[in-house]
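In what follows, a structure is listed as structure tokens, so that the remarks can point back to it.
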Amino acid sequence: MKRSSSIIFAFLGLSILGQHTFAQITPSEAQTRLSEAAQKKIFNGQINREALLNNDSNDLIVEFNTDISPHQVVNRDVRAKLSTGKSLFSKSYSEADGIQILRDYNGLPYKFYRINNRNSLVKLLNDPRVKAVYPNRRANAQNINHLSLIGQPTVTTAGYGGQGTTVVVLDTGVDYRHADFGDCISPGVPSTCKVSHAFDVSSEDSRFDDDGHGTNVSAIVAQVAPEAKIASLDVFTRQPDGSNKTYWSDVIAGINWTVNNAQKLNIKSVNMSIADTTEHTGDCSLTGQDGNVFATPIQTLRGSGVIPVASSGNKGFSNGVAVPSCVSGVVAVGAVYDTDTQGIRYAGSSSFLKCNDEDTSPDHVTCFSNMGRVVQLLAPGAVMTAGGYTYSGTSQASPHVAASIAILRATNSRFSHETIEQTIVRLQNTGKSVYDSRSGLTIPRIDIKAAMNIS
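One point on numbering: in UniProt numbering, the residue at position 248 of the sequence shown is 248, and numbering is uninterrupted.
So, in structure tokens, the structure goes:
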């Protein structure tokens, strides 16, 4: 069976719409039946039309037209309205053959389908209720002086540690048994355990954490905001070659869980130490751009009071960042050193630039960090030891920002009343200005002590 290489397959609560069987039409017949609007959806989704129509099976993330604003809080009424609309859509496909629902996102106007019949594919693409279709692309995980550099010890001594907030971490999982998270027996047990939730959003693998990346990232959150709770959602899948990859359908599922629980758990930020290898100099969430699939989910996060934070990527671009950090509404974070290691060499990989840094002085931008005008903040991200693992990457920089947001927006903070944009601007205006010679830009490195206005 032919299947597009950019499409992922994952059996998650499989169901089938319709039981009738129709003969397959040919790819050329399918082409002639596509409306102009359908062809535009394929083009805007950056999907290879020839491959789409020739494949015997396609996995597509489908976004529906809705009058629900992504800027409003996702509550019971919103979920009910979304459910009604999706149910009506499904009923109109009761005679359709070969459409499987791989996943529903009950807080977003999205569904994830596997379509095994060209008649059904054409019908869905022509349907005016379908706003957009997206391929299910995949991305990589982006792999203590850092606390002093950002002024964190003074902040916690003053009694500010993110009390009453939750930070969501979308990553490879978490080994909550490590001492950085408290004496955890299981998530939330005992009450002093800093990890309140830990579960697989991608396929269940019965592992705490495949490679320690998520544990390291979550532990950085715990170190910076020791009073905040951490909800760790494993959105990665172990590949045959031993690497970990995440698929956009799983990341969106993590966002869906976040917006559904934002009010209940007082979620203030979500950290995505995730990046593909694309390079974007500006907003990539516009129609036809790589990050368009995230436009609605990100705005829904912000509408729910949650600030999305993402690593800029590790390809060493001087004027571009990866998806999802390039999406409008996401805080893109680059990496700096927190202590002088007297030079360091990075071996590199398909998602990490092979490079050398002779200058590793504090606040020097790392050679691997993606930079550009999209990057809003810098934070420590080289040789970060936390949770029993040591990693370098913009992955390690972004949780510093996510945790700092939790501190600023906690109920005991004098700045908890500020809007999302005011919180971001506060971190920018109070950060230390750092000049990056590669990009020629000066970008603020976070200083949570200054942001909290503590002398």
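For each residue, glycine too, the CB sits at the ideal point set by N, CA and C.
Item to check | Assumed close pair ASP250, VAL201 - CB separation to whole angstroms, cut-off 8 Å | outcome: 5 Å
Next on the checklist: Looking at TYR247: is its Cβ nearer than 7 Å to the Cβ of ASN136?
Outcome noted: yes
Checklist entry - From GLN396 to VAL217, what does the alpha carbon distance come to, in whole angstroms? => result 6 Å
Checklist entry - Hey, how far is the Cα of ASP436 from the Cα of ASN370? => result 11 Å
Checklist entry - Across which residues does DSSP place THR237 in a beta bridge pair? => result LYS245
Checklist entry - Is the stretch 267 to 285 close to the stretch 323 to 343, with three or more CB pairs under 8 Å? => result Verdict: yes, contact present.
Checklist entry - What residue range is occupied by the uninterrupted beta strand (DSSP E) comprising PRO444? => result 441 to 445
Checklist entry - CA-CA distance, VAL270 and ASN119? => result 39 Å
Checklist entry - When the distance is taken between beta carbons, is THR237 closer than 7 Å to VAL174? => result no
Checklist entry - Among the residues of its own chain, which have a CB less than 8 Å from the CB of ASN244, if the five just before and after it don't count? => result Closer than 8 Å at Cβ, skipping near neighbours: ASN140, ALA141, THR172, ASP210, ASP211, HIS213, PHE236, THR237, ARG238.
Checklist entry - When burial is assigned at 16 or more other CB atoms within 10 Å of the CB, is GLN422 buried or exposed? => result exposed
Next on the checklist: For SER349 and SER285, which I take to be in contact (beta-carbon distance under 8 Å), what is that distance rounded to the nearest angstrom?
Outcome noted: Not really, about 27 Å apart at Cβ, beyond 8 Å.
Next on the checklist: Can you tell me which residues form a DSSP beta bridge with ARG129?
Outcome noted: DSSP, once it has assigned bridges, lists no residue as partnering ARG129.
Checklist entry - When DSSP labels each residue in this structure, what does THR360 get in the three-state scheme? => result coil
Item to check | Through-space distance from GLY381 to SER87, alpha-carbon basis | outcome: If I take the Cα positions, the gap works out to 45 Å.
Checklist entry - Between TYR105, ASP183, ASP234, which lies nearest to ARG207 when the distance is taken from Cα to Cα? => result ASP234
Item to check | Coil, strand or helix - LYS2 by DSSP | outcome: Because the pLDDT at LYS2 is just 41, under 50, the model does not fix this residue reliably, and the point stays unresolved.
Item to check | Assigned secondary structure, ASN266 (DSSP; H/G/I helix, E/B strand, else coil) | outcome: coil
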